[in-house]
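Residue numbers (my numbering), protein chains in the order written: chain A, 229 to 424; chain B, 5 to 346. Positions of the beta carbon are idealized from the N, C-alpha and C atoms, including for glycine. Worksheet: one structure, shown below.
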């Protein structure tokens, strides 16, 4: 199964954030691939990765920038021959959740053969790490990056990705809605056989 | 209006044949042949209008079912003396013997009715700023050259018409530049006129001190009031303009094509210009090798266009796939390659 990854930076993408000449083989683990290890089948082929800001946006039109980016990602995934688009985008106290959901809905209609596993991470990927650690109200924690560093001791991409890989997904509180939505989409995309 | 254009052995062009719309833009990398196409079109229309002699190249334009050619093309007839007098060659496909002369005369008339000259515009602010000669009675209301020299004289001539043209022009400029109250064209010597603007606080700003963006916009806004030509060729209309002004200039150019009846053909590097156009109005110009020469591809004919255009506006689509070398990511379907990070 071919996967196209998308995210804002190295925390989500790991070594796939790096330019190809500087990318390790295999690339450093990122949070998205670590999450896929819990939800996807063993045989996954990552065909590429896109940094969120690299999707072009010059004119607003009727779609928001976030929705347009999701559509652009889906087009890229489709043209790259990917079966699945996997992404996460920090919500950052903006109104990105609704816009990203609209983008996913429209992309699913335009690219029906492409499976989309994505969500806004509320408020960011570090908030998801707190949820994986079992913390309640993880989506309302201000400055979650600092909390993850101080309480979980996770300061760099590798530590964060390894933490996700080591932890199961069973202890995620019900109020971690954005992470649960992402996981539900992954399980729906890969089917029961893909979950661990 | 020219609906198709063919060029053979002209500058970097070996052979191209492309469709045109009333407003049309050529996009593509540097040194691909966009400006050469504009030059070829200029030459053909000037020749057809009797303003330029026939040269050795083969250029051909199709309009209203007729073909006008400056050379010999397959399926076209050779030169006749009458047509050479008219500055070009007719191409009615093999008229019956005896009727050829009449048919060709008819075509000569068609050409002369159709083509009223062509203008190239590639504004240079320093040329636009310079005081210019007064236009004499009966002199055509046109710039002295493609760089915008003579703008002040042309504006004075528009003012001298005594109709609403100059008022409309001033209004268009003041709307986009609210600090400008009026455009002034004082006669500064016995044979020269200058360009100035008066600001809302009364300050007079001579052309030498005007911003390039203001000068460019005055130039573009004035184009629609010039003596009409059949073909207006514009090099990089985006130059010197704020991104939000580019859409306004494109509105002006579209108005010229729809209301004045002048066909407008552009060469541009700006996705913001392309965003203001429809898919049929954009062609991609590329040149992969000296041997192959320039190619012209309608953007609508590039792979996966419908799907890509459902996601991206036209300018975004171009820039999302362009590589600035030969635009191969836009011209070739991508087999199995994901865009890597970075």
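Query	Result
Cutoff 7 Å: residue 346(A) Cβ touching any chain B Cβ	no
The stretch 225–240 of chain B touching the stretch 172–192 of chain B, judged by at least three CB pairs closer than 8 Å	yes
Cβ pair residue 31(B), residue 288(B) closer than 7 Å	yes
Residue 404(A) and residue 366(A) closer than 7 Å at C-beta	yes
Three-pair Cβ contact test at 8 Å for the stretch 21–30 of chain B versus the stretch 269–286 of chain B	yes
Proximity below 7 Å, CB of residue 294(A) to CB of residue 324(A)	yes
Strand pairing of residue 200(B), partner residues [DSSP]	188(B), 210(B)
Separation of residue 203(B) from residue 176(B), as counted between CA atoms	15 Å
Integer-rounded CB distance, given that residue 40(B) should sit under 8 Å from residue 17(B)	6 Å
Closer than 7 Å to chain A by CB, residue 27(B)	no
Three-way DSSP call (helix, strand, coil) for residue 13(B) in this model	strand
Beta-carbon proximity of residue 277(A) to residue 233(A), cut-off 7 Å	yes
Under 9 Å from the C-beta of residue 338(A): neighbouring residues of chain B	311, 314, 315
Coarse secondary structure for residue 70(B), derived from DSSP in three states	strand
7 Å Cβ cutoff met for residue 275(B) and residue 323(B)	yes
Rounded C-alpha distance that separates residue 286(A) from residue 320(B)	7 Å
Alpha helix (DSSP H) segment containing residue 302(B), residue limits	Taken as a continuous stretch (DSSP letters only), residue 302(B) belongs to no alpha helix (DSSP H), being part of the beta strand (DSSP E) at 298–302.
Reduced DSSP category for residue 302(A) - H, G, I as helix; E, B as strand; rest coil	helix
Residue of 210(B), 37(B), 234(B) minimising C-alpha distance to residue 122(B)	234(B)
Where residue 42(B) falls, given that 16 or more other Cβ within 10 Å makes a residue buried	buried
Residue 230(B) in three-state terms, based on DSSP	coil
Complete beta strand (DSSP E) runs within the stretch 312–364 of chain A (minimum length 3 residues, chain order)	312–318, 343–349
The stretch 333–342 of chain A / the stretch 306–315 of chain A touching (three or more Cβ pairs under 8 Å)	yes
Helix, strand or coil at residue 278(B) [DSSP, three-state]	helix
Status (buried if at least 16 other CB within 10 Å, exposed otherwise) for residue 388(A)	buried
Secondary structure of residue 268(A), DSSP reduced to three states	coil
Residue 299(A): contacting residues in chain D (beta-carbon distance under 7 Å)	The structure shown has no chain D; the protein chains it does contain are A and B.
Residue 25(B) versus residue 285(B) - alpha carbon distance	6 Å
Listed by chain order, chain A residues near residue 320(B) by CB distance under 8 Å	284, 285, 286, 287
Reference residue 242(A), options 393(A), 291(A), 296(A), 298(A), closest by Cα	393(A)
Residues near residue 237(A) in its chain [Cβ-Cβ closer than 8 Å; skip 5 each side]	245, 279
Cβ separation of residue 162(B) and residue 145(B), assumed to be a contact under 8 Å, to the nearest whole Å	7 Å
Spatially closest choice to residue 181(B) from 69(B), 252(B), 304(B), by CA coordinates	252(B)
Option in 167(B), 156(B), 142(B), 164(B) with minimal Cα separation from residue 220(B)	156(B)
Residue 29(B) - DSSP class collapsed to helix/strand/coil	strand
Short Cβ contact (7 Å threshold) for residue 239(B) with residue 129(B)	no
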